[in-house]
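Keeping their order, the protein sequence lines are chains X and C.
Take 4 as the starting number for the first sequence in the working numbering and just add one per residue.
Take -13 as the starting number for the second sequence in the working numbering and just add one per residue.
What follows is a set of notes on a single structure, which appears directly below.
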Amino acid sequence: DTGVSQNPRHKITKRGQNVTFRCDPISEHNRLYWYRQTLGQGPEFLTYFQNEAQLEKSRLLSDRFSAERPKGSFSTLEIQRTEQGDSAMYLCASSFRGASVYEQYFGPGTRLTVT
Amino acid sequence: AQTVTQSQPEMSVQEAETVTLSCTYDTSESDYYLFWYKQPPSRQMILVIRQEAYKQQNATENRFSVNFQKAAKSFSLKISDSQLGDAAMYFCAYRAETSGSRLTFGEGTQLTVNP
């Protein structure tokens, strides 16, 4: 078990470009979450999946954001037409339905800088 | 909507001393969970301790313990025998039983441990 991994770790892009991040959860974890963390703030929930189904989306997830989890394994988060306000750390977490409190294990994050 | 408030942006403690980090939350739910997460610089977030709201006994994990006051909606973290490796940003988080799996985080408290 290697933990939750995220790629890339850092991404610098120009305003208006599209970016895609990948998250690989802990194997056999059926729930996967995306959060956004801006500098000096706590993470904010974006969306989560149970297996391949996207069960909840925050209103923070504008039309420019889309997330997928094909086959219930890894997940991708795409941001289209990036804006400077999208600059943040994007965190992925996973959990297993079985533990009574669905403890979430976090990845190292992808830091996005939009110039 | 649930909110989590950490009123101490920064705290410092001498090595081997004890420090308490404060957290308050607002909810109308009766079933929920509370967590403290630690985020070291440039490293991923890890769970420190959790508390189920239905349990009256305060959770303890080695040098970490909580003071859970349900009526006051207060959830403080006590770190005993502080170590240099405890230096990090600490986040208090809330999850309602009815809100799927989303975590709601506070703004964080930056803890410095002085040798």
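We put the CB at the ideal spot given by N, CA and C, even for glycine.
Chain X contacts from the stretch 67 to 101 of chain C (Cβ-Cβ distance under 8 angstroms)
F77, A79, R81, G86, S87, R88, L89, T90, F91, G92, E93 and G94
Alpha carbon to alpha carbon, how far is T79 (chain X) from S8 (chain C)? Give it in angstroms, no decimals.
35 angstroms
Span of the beta strand (DSSP E), counted from its first residue to its last, around A91 (chain X):
A91 to S98
Inspect the CB distances between the stretch -6 to 3 of chain C and the stretch 43 to 51 of chain C and report whether three or more fall short of 8 angstroms.
no
Within-9 angstroms CB hit, S98 (chain X) to chain D
Considering every chain present, this structure includes no chain D. Its protein chains are X and C.
Check this for me: beta carbons of P11 (chain X) and S97 (chain X), under 9 angstroms apart or not?
no
For T16 (chain X), collect the residues of the same chain with a Cβ closer than 8 angstroms to its Cβ; drop the 5 residues on either side in sequence, then sort them by chain order.
V22, T85, L115, T116, V117 and T118
For N100 (chain C), which residues does DSSP report across the bridge?
C:Q0
Quick check on DSSP: helix, strand or coil for L70 (chain C)?
helix
Rank C:D12, C:E1 and C:N48 by C-alpha distance to the C-alpha of F91 (chain C) and give the top, closest one.
C:D12
By the 10 Å Cβ neighbour count, where 16 or more other Cβ atoms means buried, how is A102 (chain C) classified, buried or exposed?
Since the first and last residues shown for chain C are -13 and 101, residue 102 (chain C) lies out of range.
Give me the Cα-Cα distance between Q0 (chain C) and N100 (chain C), rounded to the nearest whole angstrom.
5 angstroms
Would you say the stretch 20 to 32 of chain C touches the stretch 48 to 60 of chain X, given that touching needs at least three Cβ pairs under 8 angstroms?
no
Contacting positions in the stretch 33 to 48 of chain X - beta carbon closer than 8 angstroms to chain C:
R34, Y36, Y38, G43, Q44, G45, P46, E47 and F48
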